[in-house]
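Worksheet: the structure to be examined is printed underneath.
Protein chains: 2
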Amino acid sequence: MDELSLVRLIRRRAGKSAGLVLGIGDDCAIFRPRAAEDLLFTTDQMIEGVHFRSDASAVEVGHRALARSLSDIAAMGGEPRFCLVSLATPLKRATKWVDEFYRGLLGLARRTKTALAGGDLAHASSIYCDVIVCGALPRGKALRRDGARPGDDIYVSGRLGEPWDRRIQPRLKLGQSLRGRATACMDLSDGLSLDLHRLCLESGVAAEVDRVPVATGSTLERALHDGEDYELLFTLPNGSTAPKGTSRIGSVVRGRKGIVRFQGKLLPPAGYNHFLPKTK
Amino acid sequence: MDELSLVRLIRRRAGKSAGLVLGIGDDCAIFRPRAAEDLLFTTDQMIEGVHFRSDASAVEVGHRALARSLSDIAAMGGEPRFCLVSLATPLKRATKWVDEFYRGLLGLARRTKTALAGGDLAHASSIYCDVIVCGALPRGKALRRDGARPGDDIYVSGRLGEPWDRRIQPRLKLGQSLRGRATACMDLSDGLSLDLHRLCLESGVAAEVDRVPVATGSTLERALHDGEDYELLFTLPNGSTAPKGTSRIGSVVRGRKGIVRFQGKLLPPAGYNHFLPKTK
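Here the protein sequences come in this chain order: A and B. Using the working numbering, you'd call the opening residue of the first sequence number 92 and step up by one each time. Using the working numbering, you'd call the opening residue of the second sequence number 92 and step up by one each time.
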């Protein structure tokens, strides 16, 4: 299949979205924003041998590639509008693999009302993709990382330390329900210890963690440090009611900014860091 | 340098843009659109060994990665607002190479008022990057590929068949000046023969090319089929004045859609196709 035919095939399945004036097929996609909305933008790479194994199912890789970016939209309290997908594959995998990848990606796109607005196709010696998602929400209502205050309670959704090979379900509804309530919010993509450290750095505070909800079959170590949970980490004013499906794990405190303690002991930021080889 | 330090360094140099409420450092960038504007989105990959050689200068790769996406914004008549940059590099090139790449990219970003709003960093066995640009223009004024009509004159900017290693200068001012004048427009990224074929397909027309402006030291063959010119290809109603720095190359005609003739002979779409190995 040549590039034009492949683009035609993808275009037929791309879906529509409120505001998307022109999708796949021109130099750019055209989007007409609504009045009184802010737009959110995020992008996440999925690289063979780094983010997924060469024998991973193309359907799962496609689902996950979009799910990771949707999780960032959820973390800001947004609703997804459209995505752009850049994909590079070896020539010999150009048809079947690409078709299955788009099947996985577009299945999740339909369920979350995310139109495929465009992207870029190329060949490369191994598989690489990058998914950009645009989300929207009422003006000024985005959930940021920098608003946590001493005294706030810290929460996570779901349970942490889940194995890689489950399907990520981006917490879009939860994120939207936290607008105007959470003082800070982010998604857990690099492990609780590193991500909570980042939230505390941005907010200029420290944190005390008392307990974490560990996934069945997982360990406390993995729940604290493993990346790729894609649950939401957020803070609420002290005494708030926990939203359904979430657990209070500790409190925001004054202290040297970025410092996180777990049951009284220093918890070093040991999650996934792309520029430091893992020590274990 | 670890990921947090690298992100801090990039963040300090990222620039500002009208409408960019929140840039690098959170789950998403936040952009507040202006009333009565449409937004444009495009994304382009640059892959080591495919789009550039391993010994290419990092500064040049950074410049080119942004220039290619800006060229798509120019082709729609837009003004750039911000970009997102996804970059994966081998660990051993994580510091110096990345620093020089951003120097090249941010130099062009400053000159074109494109803020760096965010992105994603990862490691990989070879260098990969993907640059997304958001542009804006008055509502309904985007230059599309599908408006060429029989009788229109066909134009290109500059001269075609330039060697790879020059710095691309995206034709932003020209694109903006064509709003409300050009009936169709696109940028030349895969060679005139393939790109004009695509424009004709989208517009449901055919084309007769009489002559093309060949770059000094290049050949007619390269001017017709080589990719990577990044000049604008556009159509104007018959009898329009040629904009400065552009040449009329032929006419839009009725006929089987997508068919392009050069001096009376069929010109097959032989430009760069990522999914067909080049036959030369």
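Cβ coordinates follow ideal geometry from the N, Cα and C atoms, glycine included.
Neighbourhood of residue i by C-beta, 6 Å cutoff - its chain only, sequence neighbours within 5 removed
{"i": "E191 of chain A", "result": "A149 and V150"}
{"i": "L279 of chain B", "result": "D286, D320, E322 and L324"}
{"i": "G209 of chain A", "result": "I115, A120 and L175"}
{"i": "M167 of chain A", "result": "L131, A233 and L234"}
{"i": "L89 of chain A", "result": "Because residue 89 of chain A is not part of the residues shown, which for chain A are 92 to 371, the question remains open."}
{"i": "L263 of chain B", "result": "A165"}
{"i": "V303 of chain A", "result": "L251, A314 and I340"}
{"i": "R270 of chain B", "result": "G168 and K232"}
Member of the options whose CA lies at the smallest distance from the CA of residue i
{"i": "V343 of chain A", "options": "A:L199, A:Y246, A:A213 and A:V141", "result": "A:Y246"}
{"i": "G106 of chain A", "options": "A:P359, A:H154, A:P171 and A:A206", "result": "A:A206"}
{"i": "C220 of chain B", "options": "B:E139, B:L130 and B:A314", "result": "B:E139"}
{"i": "V112 of chain B", "options": "A:C276, A:L131 and A:Q136", "result": "A:L131"}
{"i": "I101 of chain A", "options": "A:K187, A:P334 and A:R240", "result": "A:K187"}
{"i": "K335 of chain A", "options": "A:S248, A:L199 and A:L212", "result": "A:S248"}
{"i": "M137 of chain B", "options": "A:P171, A:D211, A:R104 and A:R103", "result": "A:D211"}
{"i": "G282 of chain A", "options": "A:L292, A:T307 and A:L251", "result": "A:L251"}
{"i": "L199 of chain A", "options": "A:L157, A:I340 and A:R236", "result": "A:L157"}
{"i": "P229 of chain A", "options": "A:A213, A:E253 and A:E170", "result": "A:E170"}
{"i": "D118 of chain B", "options": "A:G330, A:T133 and A:D117", "result": "A:T133"}
{"i": "R272 of chain B", "options": "B:G330, B:I218, B:G346 and B:R194", "result": "B:G330"}
{"i": "P241 of chain B", "options": "B:G355, B:P360, B:G346 and B:A126", "result": "B:G346"}
{"i": "F122 of chain B", "options": "B:V224, B:S217 and B:K348", "result": "B:V224"}
{"i": "P374 of chain B", "options": "B:S216, B:C276 and B:R172", "result": "The structure shown does not extend to residue 374 of chain B, since chain B spans only 92 to 371, so no value can be given for it."}
For residue i, three-class secondary structure by DSSP
{"i": "I350 of chain A", "result": "coil"}
{"i": "H288 of chain B", "result": "helix"}
{"i": "K107 of chain A", "result": "coil"}
{"i": "G153 of chain A", "result": "helix"}
{"i": "R99 of chain B", "result": "helix"}
{"i": "V247 of chain B", "result": "strand"}
{"i": "Q267 of chain B", "result": "helix"}
{"i": "H316 of chain A", "result": "helix"}
{"i": "A200 of chain A", "result": "helix"}
{"i": "E322 of chain A", "result": "coil"}
{"i": "V303 of chain B", "result": "coil"}
{"i": "I340 of chain A", "result": "strand"}
{"i": "P359 of chain B", "result": "coil"}
{"i": "S148 of chain A", "result": "coil"}
{"i": "S162 of chain B", "result": "helix"}
{"i": "D281 of chain A", "result": "coil"}
{"i": "D118 of chain B", "result": "coil"}
{"i": "E128 of chain B", "result": "strand"}
{"i": "L234 of chain A", "result": "coil"}
{"i": "E253 of chain A", "result": "coil"}
Residues near residue i in its chain [Cβ-Cβ closer than 7 Å; skip 5 each side]
{"i": "D146 of chain B", "result": "none"}
{"i": "P328 of chain B", "result": "D243 and T274"}
Within chain A, the residues that residue i reaches when beta carbons sit closer than 7 Å
{"i": "L157 of chain B", "result": "Simply none; closest approach about 14 Å."}
{"i": "G210 of chain B", "result": "T134"}
{"i": "G249 of chain B", "result": "The premise fails here: G249 of chain B is roughly 17 Å from chain A at the closest Cβ pair, so nothing lies under 7 Å."}
{"i": "S177 of chain B", "result": "T134, Q136 and D221"}
{"i": "I164 of chain B", "result": "C119"}
{"i": "R236 of chain B", "result": "D117"}
Proximal residues of chain A, C-beta to C-beta of residue i below 8 Å
{"i": "I350 of chain B", "result": "Per Cβ cutoff of 8 Å: no residues; I350 of chain B is ~15 Å from chain A at best."}
{"i": "R230 of chain B", "result": "R123"}
{"i": "E191 of chain B", "result": "Those within 8 Å of E191 of chain B in chain A number zero; the least Cβ separation is about 16 Å."}
{"i": "G226 of chain B", "result": "C119"}
Listed by chain order, chain B residues near residue i by CB distance under 9 Å
{"i": "P254 of chain A", "result": "What P254 of chain A touches in chain B: nothing, since even the nearest Cβ is about 21 Å away."}
Proximal residues of chain A, C-beta to C-beta of residue i below 9 Å
{"i": "E322 of chain B", "result": "None at all; the shortest Cβ gap to chain A is about 13 Å."}
{"i": "G282 of chain B", "result": "Those do not exist, as G282 of chain B stays about 13 Å from chain A at its closest Cβ, beyond 9 Å."}
Neighbourhood of residue i by C-beta distance below 8 Å, restricted to the same chain and skipping five residues each side
{"i": "P124 of chain B", "result": "G110, L130 and A227"}
{"i": "L265 of chain A", "result": "A165, S248, L323, P334, G336 and T337"}
{"i": "R258 of chain A", "result": "E151, H154, R155 and A158"}
{"i": "T307 of chain B", "result": "R250"}
{"i": "K183 of chain B", "result": "none"}
Contact list for residue i against chain B, beta-carbon separation under 7 Å
{"i": "P124 of chain A", "result": "P124 and L130"}
{"i": "V112 of chain A", "result": "D129"}
{"i": "A233 of chain A", "result": "I121"}
Under 9 Å by beta carbon: chain E residues contacting residue i
{"i": "L161 of chain A", "result": "Of the chains in the structure shown, none is chain E; the protein chains are A and B."}
Beta-carbon separation (whole angstroms), residue i vs residue j, contact threshold 8 Å
{"i": "S160 of chain B", "j": "V222 of chain B", "result": "5 Å"}
{"i": "H288 of chain A", "j": "V189 of chain A", "result": "Actually they are not in contact, since the Cβ atoms of H288 of chain A and V189 of chain A sit about 38 Å apart, beyond 8 Å."}
{"i": "A239 of chain B", "j": "L178 of chain B", "result": "Contact flag wrong, Cβ pair sits at about 37 Å."}
{"i": "S162 of chain B", "j": "P261 of chain B", "result": "4 Å"}
{"i": "H214 of chain B", "j": "V141 of chain A", "result": "7 Å"}
{"i": "Q267 of chain B", "j": "D301 of chain B", "result": "Incorrect: roughly 28 Å between the Cβ atoms, too far for contact."}
{"i": "A126 of chain B", "j": "A126 of chain A", "result": "6 Å"}
{"i": "K356 of chain A", "j": "V296 of chain A", "result": "Not quite, the Cβ-Cβ distance comes to about 18 Å (not below 8 Å), so this is no contact."}
Proximal chain B residues relative to residue i, where beta-carbon distance stays under 8 Å
{"i": "D278 of chain A", "result": "D118"}
{"i": "E293 of chain A", "result": "G116 and D117"}
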